[in-house]
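Here this note's numbering is used: the first residue of the sequence shown is 9, the next is one more, and so on.
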Amino acid sequence: MARIARWLATALVAMGCMHPQSEVAYVQTPDDVALHMLRLAEVGPADQVWDLGSGDGRIVLLAARQFGARGVGVEIEPRLVSESRDSARKLKVDDRVEFLQKSFFDVDVSPATVVMLYLGQDLNLRLRPKLQRELRKGSRIVSNEFDMGEWAPDKTVIIRSRERMYRLMLWTVR
Numbered sequence: 009m010a011r012i013a014r015w016l017a018t019a020l021v022a023m024g025c026m027h028p029q030s031e032v033a034y035v036q037t038p039d040d041v042a043l044h045m046l047r048l049a050e051v052g053p054a055d056q057v058w059d060l061g062s063g064d065g066r067i068v069l070l071a072a073r074q075f076g077a078r079g080v081g082v083e084i085e086p087r088l089v090s091e092s093r094d095s096a097r098k099l100k101v102d103d104r105v106e107f108l109q110k111s112f113f114d115v116d117v118s119p120a121t122v123v124m125l126y127l128g129q130d131l132n133l134r135l136r137p138k139l140q141r142e143l144r145k146g147s148r149i150v151s152n153e154f155d156m157g158e159w160a161p162d163k164t165v166i167i168r169s170r171e172r173m174y175r176l177m178l179w180t181v182r
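Following this line, the structure appears as C-alpha cells:
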C-alpha cells in the first residue's frame, strides 16, 4: 500500500498536480462546498479565515467577498500561490487577504479564528496538536471529509455537490 501511495505521489508531481514538498495532492473544493464550509463555521466580518493547503485560494477569496472576513491561504505550490494573488487583485480583495508560499506546519496559525482543511486523515491527525496548541479558545476548525481521530466534531453535516456527497465537520477549540 505504501508503495502505491509513493508511486501515486510521484505521478502527481510529474503531472504538475503536486509540489515535490507537498504531502497532499491538489484537489479543488467545489464552490458550493466551500460556501457550506464557511457557513458551518458561521464566518463573519470579524473573522480571520485561514485555509491550510489553500490551492487556488477559493475559500479565502470567498470568505473575503461574501462574508467580509480577512483571510490567509497557506500553500506550498508557487503556481497556485501566484494564481491566488492574481485572483485577489482581480476581485479587489487583496487588501483583506494574503497567500503564503509555505508548509502549513511552518506557520503560526494563532491569528486565525477559523481554519479550513481538506487535507487527509493523516495530515489532520498530525496538525491537530498544533491547532489545539496555537489557536485561541473559540476558534473554529472545519474539515472537508477527514476527521481528527478521537477528537469528536461539535457538528457534522452531509451535503450533496455535483454527483457526490461531502462530509463537513466543525470543531471549536476549548
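All residues carry an ideal CB built from backbone N, CA and C; glycine is no exception.
All of these numbers come straight from a predicted model, not from anything done at the bench.
*How many angstroms separate the CA atom of V165 from the CA atom of L43?*
Translated into the one-based positions of the sequence shown, residue 165 becomes position 157. Translated into the one-based positions of the sequence shown, residue 43 becomes position 35. Going from the Cα of V165 to the Cα of L43 covers about 13 Å.
*Between L143 and the rest of its own chain, which residues show a CB-CB distance below 8 Å, the 5 nearest in sequence each way excluded?*
Here residue 143 refers to the residue found at position 135 when the sequence shown is read from its first residue. So the list reads V117, S118, A120, V123, I149, V181, once near-sequence residues are dropped.
*asked:* Let me confirm a value: M45 is counted as buried when at least 16 other C-beta atoms fall within 10 Å, else exposed. Which label applies?
replied: Within the sequence shown, residue 45 is the residue found at index 37, counting from 1. Buried, since its Cβ has 16 or more Cβ neighbours within 10 Å.
*Within the stretch 87-146, note down every full beta strand (DSSP E) run reaching 3 residues or more, in order along the chain.*
105-109, 122-125
*asked:* Once DSSP output is grouped into helix, strand and coil, what is the label at Q74?
replied: In the sequence shown, residue 74 corresponds to position 66, counting from 1. Q74: helix per DSSP, three-state reduction.
*If I'm right that F112 touches L60 with Cβ under 8 Å, what's the distance once you round it to whole angstroms?*
Against the sequence shown, residue 112 aligns to sequence position 104. Against the sequence shown, residue 60 aligns to sequence position 52. The pair is a contact, with the Cβ atoms about 4 Å apart (cut-off 8 Å).
*R73 beta carbon less than 8 Å from that of L99*: If you number the sequence shown from 1, residue 99 lands on position 91. If you number the sequence shown from 1, residue 73 lands on position 65. For L99 and R73, yes; Cβs fall inside 8 Å.
*Closest to P83 by CA distance: which of Y126, Q56, S147, R168 is it?*
Within the sequence shown, residue 83 is the residue found at index 75, counting from 1. For clarity, residue 83 is Glu in the given sequence; the question names Pro instead. The candidate whose alpha carbon is nearest that of E83 is Y126.
*Does the Cβ-Cβ distance between S90 and D64 come in under 8 Å?*
Your numbering for residue 90 matches position 82 in the sequence shown. Your numbering for residue 64 matches position 56 in the sequence shown. In this structure, D64 does not lie closer than 8 Å to S90 by Cβ.
*Between the Cα of M156 and those of I167, N132, R141, spot the shortest distance and give me the residue it belongs to.*
The count along the sequence shown starts at 1 and reaches residue 156 at position 148. Measuring from the Cα of M156, the nearest candidate turns out to be N132.
*Does the beta-carbon of A54 have 16 or more other beta-carbons within 10 angstroms, so that it is buried, or is it exposed?*
The residue given as residue 54 occupies position 46 in the sequence shown. A54 should be labelled exposed.
*Span of the beta strand (DSSP E) holding D162?*
Counted from its first residue, the sequence shown places residue 162 at position 154. Segment: none, D162 is in no beta strand (DSSP E) and carries neither H nor E.
*Leaving out five residues before and five after G128 in sequence, what residues of the same chain have Cβ atoms less than 6 Å from its Cβ?*
Working through the sequence shown from its first residue, we reach residue 128 at position 120. Its chain contains V32, F154 as the residues whose beta carbon lies nearer than 6 Å to that of G128, once the 5 sequence neighbours on both sides are disregarded; these appear in chain order.
*Spell out the partners DSSP gives Q36 in its beta bridges.*
Reading the sequence shown from its first residue, position 28 is the one you call residue 36. Paired residues: none, contrary to the question.
*Any idea what DSSP makes of R66, helix, strand or coil?*
Residue numbering aside, residue 66 sits at position 58 when the sequence shown is read from its first letter. In this structure, R66 counts as helix in the three-state DSSP scheme.
*Just the C-alpha distance for N152 and V115, rounded to the nearest angstrom, thanks.*
Within the sequence shown, numbered from 1, the residue matching residue 152 stands at position 144. Within the sequence shown, numbered from 1, the residue matching residue 115 stands at position 107. Cα-Cα distance, rounded: 21 Å.
*For M173, count neighbouring Cβ atoms within 10 angstroms of its own Cβ and tell me buried if that reaches 16, exposed if not.*
Within the sequence shown, numbered from 1, the residue matching residue 173 stands at position 165. It is exposed - the Cβ of M173 has fewer than 16 other Cβ atoms within 10 Å.
*Segment limits, beta strand (DSSP E) that includes R175*: Walking along the sequence shown from the start, residue 175 turns up at place 167. R175 -> beta strand (DSSP E) spans 172-180.
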